[in-house]
Amino acid sequence: MAKIGIIGGSGLYEIEGIKRLKFVSITTPFGSPSDKYISGELEGKEVVFLPRHGKGHKINPSEINYRANIFGMKKLGVERIISISACGSLKEEIVPLDFVIPDQFVDRTNQARAMTFFEKGIVAHIGFAEPVCAQVCKVLYDSGRKFNFKMHLGGTYLNMEGPAFSTRAESNLYRAWGMSIIGMTNMLEAKLSREAEICYATLAAVTDYDCWYHGHDSVTVEMIIANLTQNVANAKKIIREVILNLPEDLDCKCRNTLKHAIATNKDLIPAKIKKDLKIIIGKYVK
């Protein structure tokens, strides 16, 4: 049975109803994940949950150990990841409380965060033209539509650095580029999941318009928190529905990403790297 990973974003620090619940501490070659993983059973399926910012929102987006988080998911046998993320809208037609399932990302972190497992003696170049699993995205979309939530299938997620929000000039620039939503976390998760051969999809919950919007000055923290709370409740409904309906077998290429991606001569890869990355590269490098 394929194990499903759930990464919770702002406001989503736990999933109610997980049976046979266990808290699992994971060690990785890349340091410590954001928190303990919560493993158990939800709607009859094996799930693993991790709060991206740690329980209580203790870790800012720039400080998250993305490599440890995804490596830990792989170590626990996760084959699909659904990532929930709060975001701002860069399009008038994408309104607060909508959900967006992006199919593209643009990176504006300027490589400020570690976002590859392949370094220090091993090089791999993954294909990333289609950065999410289209099949998981479709199940996400259909699950949200079942509850009559306003869903947007497709769109580009602009991954800014943070933790401060954009200037108005930046916000207008991103709109001119045709970006759909803006956030601080998900592009890195998508890239690392692809390197780990895990299917990945984002459920982005819109809390507000970004600062380009003509009515932005009237937006209060209380309004954003209220939207975030509603989004979290709705996202939990969608997640349960996805878990019920996600096929056991997916006809996608996510699980064979590294087949032709590792460029380093296998005899030259350091023994420590082979050991550290065994759960990722083991079927290709002995």
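Residue numbering for the sequence shown follows this note's numbering, starting at 358 and increasing by one per position. In this text, a Cβ means the ideal position worked out from N, Cα and C, and glycines have one as well.
query, result
"Minimum C-alpha distance to G512 - residue among K448, K548, V405, R437", "K448"
"Strand pairing of E398, partner residues [DSSP]", "K376, E403"
"Rounded straight-line distance, which links the Cα of S537 to that of R465", "14 Å"
"Neighbour-count burial assignment, S382, 16 or more Cβ in a 10 Å radius", "exposed"
"At least 3 beta-carbon pairs within less than 8 Å: the stretch 386 to 396 vs the stretch 612 to 620", "no"
"Reduced DSSP secondary structure (H/G/I, E/B, other) of E420", "coil"
"Limits of the alpha helix (DSSP H) - the one that D499 falls within", "491 to 503"
"DSSP state of M508 mapped onto helix, strand, coil", "strand"
"For P627 and C494, the rounded distance between their alpha carbons", "37 Å"
"T473 vs Y514 beta-carbon contact at 8 Å", "no"
"Same chain, Cβ closer than 8 Å to K477, neighbours up to 5 away in sequence not counted", "P627, I630"
"Short Cβ contact (8 Å threshold) for S500 with N602", "yes"
"Straight-line Cα distance separating F456 from M508", "5 Å"
"Inter-residue spacing [alpha-carbon to alpha-carbon] between D608 and G572", "44 Å"
"Length of the line joining the Cα atoms of E554 and G639", "12 Å"
"Proximity to G540 [Cα-Cα], best of N622, E552, S523", "S523"
"CB contact flag (A562, S442, <8 Å)", "yes"
"Chain-order list of residues whose beta-carbon lies under 8 Å from that of F504 (same chain, five-residue window excluded)", "N591, K594, I595, E598"
"V452, buried or exposed, once every other Cβ within 10 Å from all chains shown has been counted against 16", "exposed"
"Rounded Cβ spacing between I372 and V435 (contact assumed at less than 8 Å)", "Not a contact, Cβ separation roughly 14 Å."
"Those residues which DSSP pairs with N516 across a bridge", "D464, G540"
"Span of the alpha helix (DSSP H) around D528", "Note that residue 528 corresponds to Ser in the displayed sequence, not to Asp. First-last of the alpha helix (DSSP H) with S528: 525 to 533."
"Run of the beta strand (DSSP E) containing D565, from where it starts to where it stops", "556 to 566"
"Burial state of A526, where buried means 16 or more other Cβ atoms lie within 10 Å", "exposed"
"Reference G374; option with closest CA among P386, S389, E400, F380", "E400"
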